[in-house]
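As structure tokens, the structure follows; a few thoughts come after it.
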Amino acid sequence: MAANTPKTIPEYLDQLRAALRDADPALVQDALYDAEEYLRSELAEHPDKSEAQMLAEIAGSYGAPEEVAEIYRDTEVKVNRALRTPPPPPPRTALGRFFGVALDPRTYTALIYMLLSLATGILYFTTVVTGLSLSLGLSILIVGIPFVILFVGITRLLSLAEGRIVEALLGQRMPRRPLYAQRGKPLLARIGTMFTDPRTWSTMLYMLLMLPLGIAYFTFAVTSLSVSLSLIAAPVLIALAELGWIDMYAKVHIDITPLSAPLAFVFGVLLLFVSLHIVRGVGRVHAEIAKGLLVKTAQH
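Just so you know, UniProt numbering puts 111 at position 111 of the sequence shown, and the rest follows in order with no gaps.
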């Protein structure tokens with residue numbers, strides 16, 4: 001057996017983490033989870049073998065930590081290339097860059113995320129506030145301990161679900177597996193790790209922030225789109241009203257006249273494209289916020 005061959009599953013996971021130290025934290029989390037699941041299942045199927053014997057054999061089948069890390073890196077590159085939407089040709093002029101935002105699919109997926117964020121923000125905020133309140137209230141009772149553990153587990157599941165939404169709509173690589181279970185540790189130690197893990201608390205912070213952010217995102221998206229589209233549609237509506245096809249003036253008060261309608265149209269188009277740029281920018285910034293607060297980056 002080679003001198004650096006891991007003799008325990010935690011040692012194997014430590015070596016795999018070290019081999020992936022410069023990789024995306026989301027990829028590291030997925031690799032650690034998959035490796036532990038595989039190693040634990042192999043150990044359960046061969047109870048007659050020690051961890052050291054089993055790991056020595058796995059080094060030739062599943063792969064040594066360095067080999068597994070390289071496989072994950074190569075697979076990540078291939079998957080990203082296969083799933084990535086071919087970008088449109090880069091515009092050469094400032095005017096092209098300004099109007100080219102309409103050709104970027106991420107603009108519209110970010111817009112969908114902003115519209116969804118109000119609902120998800122309410123869900124996350126309600127879950128965290130209710131969970132923390134009940135946890136504090138039940139902490140004096142025995143039933144409070146399992147409730148707190150359940151609450152933390154629910155926040156981790158919501159974090160994983162939010163990560164999938166962020167990756168699908170905002171394009172940020174997020175974990176596709178939960179945090180690896182560290183089943184080799186005693187149960188109390190694993191529970192203690194949940195509460196000492198900074199990501200447990202940063203996840204709750206993210207979920208609390210999602211309510212004000214969701215309100216801001218939803219309000220901006222709806223307001224900017226409705227105002228800009230209304231201004232764009234103004235010349236058509238005024239023309240129909242002048243022809244007598246619709247009775248717009250009797251129902252609403254408007255300050256746009258037939259002479260100012262072309263200016264309203266131009267302003268509406270400019271406002272629409274400025275709004276799309278802001279939407280795309282918000283999507284990129286929020287993706288970084290989600291990555292920073294939801295993904296475990298600690299190496300230990």
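The C-beta atom is built at its ideal place from N, Cα and C for all residues, glycine as well.
On a predicted model such as this, the values are computed, not experimentally measured, just so you know.
So, helix, strand or coil for residue i, using DSSP?
{"i": "A23", "result": "coil"}
{"i": "L213", "result": "helix"}
{"i": "T120", "result": "helix"}
{"i": "P146", "result": "helix"}
{"i": "N4", "result": "coil"}
{"i": "G137", "result": "helix"}
{"i": "D48", "result": "coil"}
{"i": "Q172", "result": "coil"}
{"i": "K296", "result": "coil"}
{"i": "A287", "result": "helix"}
{"i": "T93", "result": "coil"}
{"i": "S260", "result": "coil"}
{"i": "D197", "result": "coil"}
How big is the Cα-Cα spacing for residue i and residue j?
{"i": "P91", "j": "G100", "result": "7 Å"}
{"i": "A44", "j": "M54", "result": "10 Å"}
{"i": "L225", "j": "P105", "result": "17 Å"}
{"i": "A250", "j": "L263", "result": "Bear in mind that the predicted position of A250 carries a pLDDT of just 46, short of 50, making it unreliable; the figure below should be weighed with that in mind. Going from the Cα of A250 to the Cα of L263 covers about 23 Å."}
{"i": "I140", "j": "G121", "result": "30 Å"}
{"i": "A221", "j": "S228", "result": "11 Å"}
{"i": "V295", "j": "E76", "result": "17 Å"}
{"i": "V252", "j": "L231", "result": "For V252, the predicted structure reports a pLDDT of 49, less than 50, and the residue's modelled location is therefore unreliable. A value from the coordinates is still provided. For V252 and L231, the distance between alpha carbons rounds to 15 Å."}
{"i": "T196", "j": "A168", "result": "30 Å"}
{"i": "P25", "j": "E288", "result": "13 Å"}
Checking 8 Å against the spacing of the C-beta atoms, do residue i and residue j come in under that value?
{"i": "L138", "j": "G144", "result": "yes"}
{"i": "R156", "j": "L179", "result": "yes"}
{"i": "residue 302", "j": "V152", "result": "Lying before the first or after the last residue shown, residue 302 is absent from the chain, which here runs from 1 to 300."}
{"i": "S117", "j": "G268", "result": "no"}
{"i": "M207", "j": "T109", "result": "no"}
{"i": "M114", "j": "V279", "result": "yes"}
{"i": "V28", "j": "R17", "result": "yes"}
{"i": "A290", "j": "Q172", "result": "yes"}
{"i": "D30", "j": "R177", "result": "yes"}
{"i": "P205", "j": "L123", "result": "It should be pointed out that residue 205 corresponds to Leu in this sequence rather than to Pro. Taking 8 Å as the Cβ cut-off, L205 and L123 do not qualify as a contacting pair."}
{"i": "A64", "j": "K7", "result": "no"}
{"i": "F125", "j": "S135", "result": "no"}
{"i": "A102", "j": "F273", "result": "yes"}
{"i": "L20", "j": "Y72", "result": "yes"}
{"i": "S159", "j": "T193", "result": "no"}
Inter-stretch contact at 8 Å, needing at least 3 Cβ pairs: the region 157 to 166 / the region 3 to 19: no
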